[in-house]
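My numbering numbers the first residue of the sequence shown as 35 and each following residue consecutively. The beta-carbon is built from N, C-alpha and C at its ideal position, and this holds for glycine as well. These numbers come from a predicted model, not from an experiment. Worksheet for the structure shown next.
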Amino acid sequence: MTRAETQASETDLIQILTPDGQRQSHETYDAYLGDVDDDMLRGFYRDMALTRRFDQEATALQRQGQLCLWVPLRGQEAAQIGSGRATRPSDYIFPTYREHGVALTRDVSFSEMLRLFRGISGGGWDPRENNFHMYTMVLAAQMPHAAGYGMALNMEQRGWDEARRAKEGNAVVAYFGDGSSTEGETHESMVFASSFNAPVVYFCQNNQWAISVPFEVQSKVPLVKRAAGYGMPGIRVDGNDVLAVLAVTRWALEHARSGKGPVLIEAVTYRLGAHTTADDPTKYRMSEEEAQWAPKDPLIRLETYLRENNLVDDAFFEQLSADANAMAAKVREDAMAFPVPPLAKSFEQVYAEAHPLIQEELAWHLEYEAGFADAAEGEH
35 MTRAETQASE TDLIQILTPD GQRQSHETYD AYLGDVDDDM LRGFYRDMAL
85 TRRFDQEATA LQRQGQLCLW VPLRGQEAAQ IGSGRATRPS DYIFPTYREH
135 GVALTRDVSF SEMLRLFRGI SGGGWDPREN NFHMYTMVLA AQMPHAAGYG
185 MALNMEQRGW DEARRAKEGN AVVAYFGDGS STEGETHESM VFASSFNAPV
235 VYFCQNNQWA ISVPFEVQSK VPLVKRAAGY GMPGIRVDGN DVLAVLAVTR
285 WALEHARSGK GPVLIEAVTY RLGAHTTADD PTKYRMSEEE AQWAPKDPLI
335 RLETYLRENN LVDDAFFEQL SADANAMAAK VREDAMAFPV PPLAKSFEQV
385 YAEAHPLIQE ELAWHLEYEA GFADAAEGEH
């Protein structure tokens with residue numbers, strides 16, 4: 035038995051939908067799935083399929099030189115759609131750089147997300163409109179921000195009783211990967227959130243690889259076991275099971291909102307593709323491992339359940355494919371039409387107000403650019 039298999043056997047893994055598409059009951063989490071009807075199940079599949087198609091189109095754009103970089107998420111759709119759909123619009127989300135599916139659940143435009151990866155914007159969307167923060171390209175940099183935001187929510191909700199907090203209160207979801215779990219900012223964030231009882235749900239997508247380092251090298255125990263050291267509940271869930279992820283995230287948000295403090299969720303999933311388009315996973319992991327995870331694909335799992343229960347037919351998938359291709363074409367059209375701002379625009383975004391040092395650097399830059407124009411005129 036490998037260390038990873040040993041870790042899996044040491045801690046219960048919450049699962050509602052098995053890898054072969056069979057739904058099973060759970061004495062605790064079934065209560066959080068009471069509203070899940072046939073339409074919602076089809077909606078979950080649609081969300082995941084659209085997210086994967088967007089991911090494919092963005093990867094193609096990068097390969098064609100239209101994006102500077104792309105961060106694929108293939109294989110992690112259930113973890114993102116399940117958790118994203120568990121939140122309220124008023125909850126605030128701090129993503130990493132891979133939460134494209136979560137962005138979909140927050141109505142963030144796929145097209146606008148590409149401004150960042152096209153290198154023409156530091157973001158692309160207004161986080162205040164959707165309570166979905168800017169992508170964080172630096173590992174774990176968003177984690178202290180999540181704790182601070184949660185502490186601020188506590189200040190705003192001071193004096194509320196548990197019932198009011200549960201009904202009207204808000205929470206924070208901080209997404210991070212297994213690679214970020216070993217960063218100091220993650221540890222510090224959890225210490226502060228626990229110490230101050232902040233309503234933060236820490237959602238780790240453990241996709242088994244921190245670029246080229248397997249998780250079993252990073253941690254000798256399952257990540258979820260670290261929660262006890264911070265004094266918070268920890269839940270380990272099958273991250274390829276959209277129903278289980280939805281249920282445990284709803285439970286965790288309920289716990290956090292009611293004033294009981296933070297929760298750590300470890301969603302066990304797998305990155306089926308590369309870490310980024312600058313990465314080649316064939317250099318560090320075996321094809322046998324990828325083959326073992328392929329049948330656990332979250333889309334295949336839910337499709338099996340939908341088909342076996344006669345909740346969809348071929349026409350559903352044909353229409354979804356057409357819709358996904360139309361979406362991808364629109365994303366490509368939008369991305370190619372984005373105006374490229376002058377480099378001087380970047381100088382205006384360093385500080386909220388004009389800064390003399392930045393203005394001095396801008397003047398030097400404009401003089402530098404003008405020198406090329408003078409040289410071109412001299413050649414004529």
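Own chain partners of L103 with C-beta closer than 7 Å, once the 5 adjacent residues on each side are dropped: Within the same chain, L103 has close Cβ partners Q96, F151, T310, T311, A312.
Helix, strand or coil at R319 according to DSSP, with G and I counted as helix: coil
Integer Cβ distance of V206 from V234, believed to fall under 8 Å: 5 Å
Buried versus exposed, by CB contacts within 10 Å (16 or more), V384: exposed
Rounded straight-line distance, which links the Cα of R284 to that of T62: 12 Å
Residue environment, W398, which counts as buried when at least 16 other CB atoms sit within 10 Å: exposed
Sequence-distant residues of the same chain with beta carbon closer than 6 Å to R37, five excluded per side: Residue placement at R37 cannot be trusted, given a pLDDT of 48 that sits under 50; the coordinates are not used to answer.
Separation of G293 from S228, as counted between CA atoms: 11 Å
Whole-number beta carbon distance between V282 and Y236, since they are thought to touch under 8 Å: About 12 Å; that fails the 8 Å criterion.
G268, DSSP secondary structure in three states: strand
Contained beta strand (DSSP E) runs [length at least 3] in the segment 251-308, N- to C-terminal order: As far as the segment 251-308 is concerned, its whole beta strand (DSSP E) runs of at least 3 residues are 268-272, 297-302.
At least three beta-carbon pairs within less than 8 Å, the segment 127-139 to the segment 80-89: yes
M320, buried or exposed, once every other Cβ within 10 Å from all chains shown has been counted against 16: exposed
Nonlocal neighbours in the same chain, by C-beta distance under 7 Å from Y111, ignoring five residues either side: For the sequence presented, residue 111 should be read as Glu rather than Tyr. Taken in chain order, the residues that qualify are M82, T85, R86, G135, P332, L333.
Coil, strand or helix - G211 by DSSP: strand
When V276, A261, Y183 are compared against I269, the one with the closest alpha-carbon: A261
Separation of T130 from A197, as counted between CA atoms: 32 Å
CA nearest to the CA of L75, picked from D275, V302, G99, V365: D275
Per-residue DSSP class, three states only, for W398: helix
Contact check, V70 vs L257, beta carbons under 8 Å: no
Start and end residues, beta strand (DSSP E) containing Y236: 234-240
Nearest neighbour of W243, chosen from G182, E217, G193, L306 [CA to CA]: L306
Residue(s) in a DSSP beta bridge with P248: W243
Per-residue burial, D125 [other beta carbons within 10 Å of its own, 16 or more giving buried]: buried
Whole-angstrom C-beta distance between H60 and F128, which should lie under 8 Å: Actually they do not touch by this definition, with Cβ atoms about 28 Å apart.
Beta-carbon proximity list for M177, same chain, < 7 Å, skipping 5 on both sides: A208, F210, E219, T220, S223
Under the three-state DSSP convention, the category I127 falls into: DSSP places I127 in strand when its eight states are reduced to three.
Reduced DSSP category for R108 - H, G, I as helix; E, B as strand; rest coil: Three-state DSSP puts R108 in coil, outside helix and strand.
DSSP three-state assignment for A137, whether helix, strand or coil: Helix.
4-residue-minimum alpha helix (DSSP H) runs that sit fully inside the segment 167-215, ordered along the chain: 176-190, 196-202
DSSP state of L84 mapped onto helix, strand, coil: helix
Closer than 8 Å to chain C by CB, V271: The structure shown contains no chain C; it is built from a single protein chain.
Rounded straight-line distance, which links the Cα of P375 to that of E395: 18 Å
Cα-Cα separation, F226 to A371: 44 Å
Per-residue DSSP class, three states only, for L75: helix
Alpha-carbon to alpha-carbon, N240 and T170: 17 Å
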